[in-house]
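Student:
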Amino acid sequence: MSTRIDCDTCEVRGLHCHDCVVTVLLGPPPELTFDDDEQRALDVLAESGLVPPLRLVRPVDPPHMESA
């Protein structure tokens with residue numbers, strides 16, 4: 000499995016870009032994909048305090064409501 004990072008859809012883009020691992024390591028890309036191993040490696044680096052964590056906040060789809 001992989002994690003797709005699309006900065007254009009991040010709910011905190013602009014607000015937290017300066018403190019996101021993507022910006023620190025690569026600059027702000029329009030879209031990026033990490034596989035599970037790469038995601039775990041980034042998590043280890045962040046937990047060790049070597050890089051900031053991934054700040055990606057994905058939008059949530061609104062609940063589906065049936066009309067009467």
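Mind the numbering: the sequence shown is residues 0 to 67 in numbering that gives the first Met the number 0, read in order.
Backbone N, C-alpha and C fix where the C-beta goes; we use that ideal spot for every residue, glycine too.
If Pro51 sits next to Cys19, beta carbons under 8 Å apart, how far is it from one beta carbon to the other, in whole angstroms?
Tutor: Translated into positions along the sequence shown, residue 51 becomes position 52. Translated into positions along the sequence shown, residue 19 becomes position 20. Rounded, the Cβ-Cβ distance is 6 Å, consistent with contact.
Student: 7 Å is my cut-off, CB to CB: does Leu24 come that close to chain D?
Tutor: Judged by its chain identifiers, the structure shown contains no chain D, having just a single protein chain.
Student: Pick out the complete alpha helix (DSSP H) segments inside the region 12-52, 4 residues or longer, and give them in chain order.
Tutor: 20-25, 35-46
Student: Bridge partners of Thr8, per DSSP?
Tutor: Counting from one through the sequence shown, the residue named residue 8 turns up at place 9. Thr8 pairs with nothing; no bridge assigned.
Student: Given a cut-off of 7 Å, decide if Asp42 and Asp0 are closer than it, judged by their beta-carbon atoms.
Tutor: Numbered from 1 along the sequence shown, position 1 holds the residue referred to as residue 0. Numbered from 1 along the sequence shown, position 43 holds the residue referred to as residue 42. Position check: residue 0 holds Met in this sequence, whereas Asp was assumed. The answer is no: Cβ separation not under 7 Å.
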